[in-house]
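I have placed the structure first, in the form of structure tokens, so that the comments after it can refer back to it.
Residue numbers (the numbering used here): 3 to 70.
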């Protein structure tokens with residue numbers, strides 16, 4: 003998967019695409035996208051009984067000041 007080919011969305015901010023790294027109420031597994039290859043891999047298994055109450059991820063073509 004080439005992240006550069008995934009657009010922000012058709013009509014931001016109303017219509018955006020997102021990459022989900024931890025799914026809503028899914029297994030406690032944290033996925034990460036390798037920025038060089040675009041491959042999604044398991045980053046870590048979370049040792050907790052809780053499940054995330056929301057989807058966790060990012061909007062393509064957006065970076066914070068730390069580059070993440």
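In this text, a Cβ means the ideal position worked out from N, Cα and C, and glycines have one as well.
State the beta-bridge partners of residue i as determined by DSSP.
i          : result
residue 44 : 33
Could you tell me the distance, in whole angstroms, from the CA atom of residue i to the CA atom of residue j?
i          : j          : result
residue 56 : residue 13 : 23 Å
residue 35 : residue 51 : 24 Å
residue 33 : residue 26 : 13 Å
Taking the alpha-carbon of residue i as reference, which of the options has the nearest alpha-carbon?
i          : options           : result
residue 24 : 62, 45 and 63     : 45
residue 94 : 39, 63, 32 and 37 : Look at the range of the chain in this structure, 3 to 70, and you will see that residue 94 is not part of it.
residue 7  : 54, 69 and 20     : 20
residue 1  : 68, 29 and 5      : Outside the shown range of the chain, which is 3 to 70, sits residue 1, and nothing can be said about it.
residue 54 : 16, 22 and 11     : 22
With a threshold of 6 Å (Cβ to nearest heavy atom), would residue i be considered close to the ligand NAP?
i          : result
residue 44 : No copy of the ligand NAP appears in this structure; indeed no ligand is present at all.
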